[in-house]
Structures are given as structure tokens and as C-alpha cells.
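Trainee: Before we start, here is the structure in question, set down as C-alpha cells.
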Amino acid sequence: MFQFLEVYKFLLFSSFLNSKERGYDDLSTVGILATGGPDGGGSGARVLIEKILNGEFAEVNKLVLITNYTKGGVAKIFEKYKDQLQEIDVNLELKIVKNFPKRGENGEFTPEDDQWIRDTYQEILTTYGLDYLHCSGWMKHILGLSPSISQNIHPGPTKEPYGGLGMHGDNVHELVWEDYQKGIINQSCVTMHFVIEELDRGPISVQIPVSIASCKSADDVGSEVNKTEHKYQYIVYKMLLEGKITWSGNKEDPVQIDKDELEKYDFPEGTVFGGEVELNKWAGLAEAEMNAWLDGEE
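In terms of the working numbering, the sequence shown has 119 at position 119, counting the first letter as 1, and numbering is strictly consecutive.
The following block contains the structure:
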């Protein structure tokens with residue numbers, strides 16, 4: 001019995017030291033909602049895990065991957081990384097959400113389905129003791145989350161017509177590409193925002209501009225947006241977990257940003273915290289001013 005207690009104390013102390021080595025006394029339990037696909041997907045979750053492993057995203061001691069595919073891409077990510085994360089005392093868990101309701105012919109859920117959805121999310125929050133919940137490519141309807149601790153990443157602008165029902169992934173990139181060719185916009189963006197029940201209408205944490213000048217297709221737009229997501233997503237999550245970006249959950253209150261914190265990170269020029277980027281940065285410029293800007297003149 002004595003030997004068992006000594007081993008147990010040693011393991012606890014080792015875990016404590018490991019957390020200290022990673023730089024944080026108060027580590028978080030985070031959930032990642034990621035649909036992925038039956039064979040692949042979940043790249044956002046994969047990149048976050050890799051950032052944890054290399055020490056760039058050290059605020060987490062428990063990560064819960066939540067998906068609806070039993071043997072899909074997200075489940076494969078879980079199998080690949082669970083032992084590696086355990087070696088640095090980060091617990092990786094997998095939650096499969098089955099039998100998610102579908103919308104009726106009128107495009108709505110029944111009241112019973114709405115309640116099922118609310119109960120399912122609340123069960124996830126309480127069962128795993130989540131401090132924060134991130135939606136990274138989650139394709140299912142959301143009801144009943146705590147808005148102040150829920151964040152979504154959207155692969156483009158969230159304002160109409162680029163956000164809302166049906167506007168996800170390739171659908172967004174195709175519309176952005178179409179409007180770019182028409183001259184309506186000349187760049188896209190990555191949006192990270194708090195999650196409310198109105199789809200893609202939660203207060204914006206940050207919009208990061210994405211240049212699409214070199215793109216030849218909607219697929220190219222998607223590739224550029226994906227690169228930006230993977231580069232900056234974990235930084236914004238760090239700021240959220242550290243309380244550098246906060247929101248009360250009250251629609252009347254603005255998102256609070258610790259602007260001193262922004263100096264630590266190399267966000268692209270034109271990034272807007274708590275607001276929207278200008279999708280057409282030439283809007284309102286006279287022709288001469290626009291030409292001067294293109295030529296690099298003062």
C-alpha cells in the first residue's frame with residue numbers, strides 16, 4: 001500500500017512539473033466541434049493539436065474532439081495523436097454525436113428536435129467540464145451553448161451573402177470568387193466570432209484579411225483561406241483562453257480586446273479586432289487615388 005501511494009504521489013508530481021514546464025498553472029479543458037468527413041477532414045483540429053505538441057498552444061490540459069462520424073477524419077486524428085498528447089499530460093478524448101436531427105421540408109427543426117439539440121450540447125459542456133468550446137468546421141445546427149465561452153471560425157465574411165444557412169466551406173469560396181471576378185470585392189477574410197443561436201451573427205472577435213489576387217479559381221481561394229486559418233486560429237484561441245479577448249454574452253455589450261496583447265503577434269495589415277475588414281479596400285477612392293495606390297505612390 002505504501003509503495004502504491006508513493007508511486008501515485010510521484011505521478012501527480014510529475015504531471016504538475018510537466019504543466020509548469022509548459023508555462024501555465026491554470027490550464028483549460030477545451031472542446032473542438034469538428035465535422036470532418038467520413039474519410040478525412042478535421043484539419044483545424046489537427047493543427048491545434050500539433051501546436052499543443054510543439055509548445056505553441058500550451059494552455060490546454062484536456063482536449064475533447066466532438067464529431068458525428070464514428071470512423072471519420074476526426075476520429076482518425078484522435079487515434080493518431082492521443083498517445084503523443086498523453087506523453088505531455090494532455091488528455092485527448094473523443095465524443096461521437098449520433099442521430100443528429102435533420103431539418104424538415106420547411107427548413108426548420110421541430111420543437112422536440114430543438115430540445116434534443118440543446119440537451120446534447122449542454123450534456124457535452126457539463127460531462128467534460130469544458131472551459132471553452134471551439135467550432136472548427138462544425139456543420140451541425142447549434143442551440144443552447146454558452147455564448148461567452150463559444151467560438152466559431154468561418155472561412156470568409158459572415159455578413160450576407162457570405163454567411164448564414166448553407167454558407168460554409170466551398171460554398172463561401174465559390175461566392176467570394178464569383179464576386180471577386182465581378183469586382184465587387186478584392187479580398188476575402190477569416191472570421192472568428194462568438195456563437196449565438198442566430199447562425200454566423202455572433203459578435204466578431206477578429207477578421208483577418210486574405211489576399212486572393214494570385215488566385216485562379218475558387219479552390220485557390222479556399223487554399224489561401226485555409227492557410228490563414230491554420231496560421232492564426234490557435235493565436236486567437238490563446239488570447240481567448242488567457243482572457244485577452246472576452247465578451248459578456250450580452251448582445252448589448254461589445255467584445256473586449258486587450259490591445260497591448262496584439263503587439264506580440266504578427267497579424268496581417270488590415271486585421272480588425274471586434275469588427276469587419278473592408279472587403280473592397282478601394283471602395284470610395286477616386287480613380288486617381290486608386291491608381292496612385294496601385295503604383296505605390298504617397
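All residues carry an ideal CB built from backbone N, CA and C; glycine is no exception.
Everything numeric in this text was worked out from a predicted model, so none of it was measured.
1. Determine the closest residue to ILE66 out of ILE52, GLY249 and ALA45, with distance taken between C-alpha atoms.
2. Between the alpha carbons of ASN18 and ARG201, how many angstroms are there, rounded?
3. Secondary structure at GLY363, three-state DSSP: helix, strand or coil?
4. Take ALA286 and list the residues in its own chain whose beta-carbon comes closer than 8 Å to its own, dropping the five residues that flank it on each side.
5. Using 8 Å as the threshold, is the C-beta distance between GLY36 and VAL74 below it?
6. Which value, in whole angstroms, describes the spacing of the CA atoms of THR158 and VAL225?
7. Could you check if TYR265 is buried or exposed, using at least 16 other CB atoms within 10 Å of its CB as the buried criterion?
8. Between which two residues does the beta strand (DSSP E) holding GLU269 run?
9. In the DSSP assignment, the beta strand (DSSP E) including ILE235 goes from what residue to what residue?
10. In terms of alpha-carbon separation, which member of LEU241, ILE257 and THR228 lies closest to HIS154?
11. Please state if the CB of GLN86 and the CB of LEU53 are separated by a distance shorter than 8 Å.
12. What span of residues does the beta strand (DSSP E) with HIS173 cover, start to end?
13. Can you tell me where the alpha helix (DSSP H) holding SER43 begins and where it ends?
14. Taking SER28 as the reference, which of SER146, LYS62 and TYR128 has the closest Cα?
15. Under 6 Å Cβ to Cβ from HIS173, same chain only, skipping five residues before and after it: list those, please.
16. Between LYS140, VAL190 and PRO268, which lies nearest to TYR162 when the distance is taken from Cα to Cα?
17. Does at least one heavy atom of the ligand SAH sit under 7 Å from the Cβ of THR158?
18. If you check the beta carbons only, do TYR128 and GLU93 fall under 8 Å apart?
19. Measuring CA to CA, which of TYR121, GLN256, PHE267 and GLU263 is closest to GLY274?
20. Quick one: what's got a C-beta closer than 8 Å to VAL90's C-beta in the same chain, skipping five residues either side?
21. Let's test the definition: count the other Cβ atoms within 10 Å of the Cβ of ILE149 and tell me whether it reaches 16, buried, or not, exposed.
22. I'd like the span of the beta strand (DSSP E) that includes LYS95, first residue to last.
23. Does the segment 135–149 come close enough to the segment 240–257 to have 3 or more Cβ pairs within less than 8 Å?
24. Going by other Cβ atoms of all chains shown within 10 Å of its Cβ, with 16 needed for buried, is THR120 buried or exposed?
25. Hey, quick one: how far does the beta strand (DSSP E) through GLY31 stretch, first residue to last?
26. Please name the residue in ASP260, ALA58 and VAL277 whose C-alpha comes closest to that of ASN186.
27. Please say whether VAL206 and VAL192 have beta carbons closer to each other than 8 Å?
28. Sorted by chain position, which residues of the same chain lie with C-beta nearer than 8 Å to GLY169's C-beta, five sequence neighbours on each side aside?
29. Got a sec, what are the start and stop residues for the alpha helix (DSSP H) PRO209 sits in?
30. So, helix, strand or coil for TYR132, using DSSP?
31. Is it buried or exposed for PRO209, if we count other Cβ within 10 angstroms and need 16 for buried?
32. By the three-class DSSP mapping on this structure, what secondary structure does SER248 have?
Mentor: Working from what's here:
1. Residue numbering aside, residue 66 sits at position 66 when the sequence shown is read from its first letter. Nearest option by C-alpha distance: ALA45.
2. Your numbering for residue 18 matches position 18 in the sequence shown. Your numbering for residue 201 matches position 201 in the sequence shown. Low local confidence applies: a pLDDT of 44 at ASN18 is under 50, so the model's placement there is unreliable, and no value is given.
3. Missing from the structure shown is residue 363; the chain here goes from 1 to 298 and no further.
4. The residue you call residue 286 lines up with position 286 of the sequence shown. The predicted position of ALA286 is uncertain, since its pLDDT is 43 and thus under 50; no value can be drawn from it.
5. To locate residue 36, count along the sequence shown from 1; it is residue 36. To locate residue 74, count along the sequence shown from 1; it is residue 74. A contact, by the Cβ cut-off of 8 Å.
6. Along the sequence shown, one-based indexing puts residue 158 at 158. Along the sequence shown, one-based indexing puts residue 225 at 225. When rounded, the distance between both Cα atoms is 14 Å.
7. The count along the sequence shown starts at 1 and reaches residue 265 at position 265. That one is exposed.
8. Numbered from 1 along the sequence shown, position 269 holds the residue referred to as residue 269. Counting along the chain, GLU269 sits inside no beta strand (DSSP E), nor does DSSP assign it H or E at all.
9. Position 235 of the sequence shown, counting from 1, holds the residue named residue 235. It is not in any beta strand (DSSP E) - ILE235 instead sits in the alpha helix (DSSP H) that spans 218–241.
10. If you number the sequence shown from 1, residue 154 lands on position 154. When only C-alpha atoms are compared, the closest one is THR228.
11. In the sequence shown, counting from the first residue as 1, residue 53 sits at position 53. In the sequence shown, counting from the first residue as 1, residue 86 sits at position 86. In this structure, GLN86 does not lie closer than 8 Å to LEU53 by Cβ.
12. Locating residue 173 in the sequence shown gives position 173, where the first residue counts as 1. No beta strand (DSSP E) holds HIS173; the alpha helix (DSSP H) holding it covers 170–182.
13. The count along the sequence shown starts at 1 and reaches residue 43 at position 43. Its alpha helix (DSSP H) spans residues 43–53.
14. Here residue 28 is taken as the residue at index 28 of the sequence shown, counted from 1. Looking from the CA of SER28, the closest CA among SER146, LYS62 and TYR128 belongs to LYS62.
15. Your numbering for residue 173 matches position 173 in the sequence shown. Once the five neighbours on either side are set aside, the close Cβ partners of HIS173 are ALA218, VAL221 and GLY222.
16. Within the sequence shown, numbered from 1, the residue matching residue 162 stands at position 162. For the residues LYS140, VAL190 and PRO268, the minimum Cα distance to TYR162 belongs to VAL190.
17. With respect to small molecules bound, the structure shown includes none, and the ligand SAH cannot be examined in it.
18. The residue given as residue 128 occupies position 128 in the sequence shown. The residue given as residue 93 occupies position 93 in the sequence shown. If you check the CB distance, TYR128 and GLU93 come in under 8 Å.
19. Mapped onto the sequence shown, residue 274 falls at position 274. The shortest Cα separation from GLY274 among TYR121, GLN256, PHE267 and GLU263 belongs to GLN256.
20. Residue mapping note: residue 90 aligns to position 90 of the sequence shown, counting from 1. The beta carbon of VAL90 is closer than 8 Å to those of ILE52, VAL60, ASN61, LYS62 and LEU63 in its chain, skipping five residues each way along the sequence.
21. Translated into the one-based positions of the sequence shown, residue 149 becomes position 149. By the beta-carbon neighbour count (other beta carbons within 10 angstroms, threshold 16), ILE149 is buried.
22. If you number the sequence shown from 1, residue 95 lands on position 95. 91–96 is the span of the beta strand (DSSP E), which, as asked, contains LYS95.
23. With three or more CB-CB distances shorter than 8 Å, the segment 135–149 counts as touching the segment 240–257.
24. Position 120 of the sequence shown, counted from the first residue, corresponds to residue 120. By the 10 Å Cβ count, THR120 comes out buried.
25. Stepping through the sequence shown from its first residue, residue 31 is reached at position 31. Run containing GLY31: 28–33, per the beta strand (DSSP E) assignment.
26. Within the sequence shown, the letter at position 186 stands for residue 186. ASN186 has its Cα closest to that of VAL277, out of ASP260, ALA58 and VAL277.
27. The residue labelled residue 192 in the question sits at position 192 within the sequence shown. The residue labelled residue 206 in the question sits at position 206 within the sequence shown. According to the sequence provided, residue 192 is Met. The question's Val does not apply to it. Closer than 8 Å, so yes.
28. Indexing the sequence shown from 1 puts residue 169 at position 169. If the five residues before and after GLY169 are omitted, its C-beta is found closer than 8 Å to the C-beta atoms of GLY137, PRO155 and GLY222, all from its own chain and listed in chain order.
29. Residue 209 sits at position 209 when you count from the first residue of the sequence shown. Looking at the DSSP string, PRO209 is not in any alpha helix (DSSP H); the run it does join, the beta strand (DSSP E), is 204–211.
30. Within the sequence shown, numbered from 1, the residue matching residue 132 stands at position 132. Of the three classes helix, strand and coil, the one that applies to TYR132 here is strand, per DSSP.
31. For the purposes of this step, residue 209 is identified with residue 209 of the sequence shown, where counting begins at 1. Counting Cβ neighbours within 10 Å, PRO209 comes out buried, since at least 16 surround it.
32. Translated into positions along the sequence shown, residue 248 becomes position 248. DSSP, read as helix, strand or coil, puts SER248 in coil.
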